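Here is the structure we will look at.
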Amino acid sequence: MINKCYDDLINTLTYAAREAIPVMSVNTIKPYWSEELQQLKEKSIEAHSVWADIGKPRNGLFNRLRLKAKYDYKRALKQTITNFEWELDDELMICHSCTYVKI
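Oh and the sequence shown: position 34 is 39 in our numbering, straight run, nothing missing.
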């Protein structure tokens, strides 16, 4: 009897969670994302599309433009993530050094 009630409760909670709580992949939320990164990403995707449309040449102007757009995007992304992590580290260090009042 108790096992049946327990199983029913677990099933109900599982169903409610599945219906009410949105499921997102781990990399969905990027607090460091900016309009600049979005523009660089779009430019990189566009350059790649043009390059693919003309047959994916391994040298020449379109390949250089594609690689430059890709490099600019990846460099900005890496720098933004590094800056975000450093700022987060600083915030945590400041918070860690705070004195806590015991009640």
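The beta carbon of each residue, even a glycine, is placed where N, CA and C say it ideally should be. This one's a predicted model, so the numbers in the text were calculated from it and none came from an experiment.
Suppose you measure from the CA of residue i to the CA of residue j; what does that come to, to the nearest Å?
i, j, result
"T87", "M98", "16 Å"
"C10", "M29", "31 Å"
"E90", "K35", "12 Å"
"E47", "K61", "18 Å"
"E96", "T85", "16 Å"
"Y20", "D94", "38 Å"
"E24", "L14", "15 Å"
"Y76", "L45", "10 Å"
For residue i, name the three-state secondary structure that DSSP assigns.
i, result
"S39", "coil"
"V31", "coil"
"N64", "coil"
"E6", "Note that residue 6 is Met in the sequence shown here, rather than Glu. Here M6 sits in coil by DSSP."
"I59", "coil"
"I26", "coil"
Can residue i and residue j be called in contact, C-beta distance under 7 Å?
i, j, result
"Y78", "S39", "no"
Would you please state the rounded distance, in angstroms, between the beta carbons of residue i and residue j? I believe it to be under 8 Å.
i, j, result
"A81", "E41", "7 Å"
"R69", "H53", "About 13 Å; that fails the 8 Å criterion."
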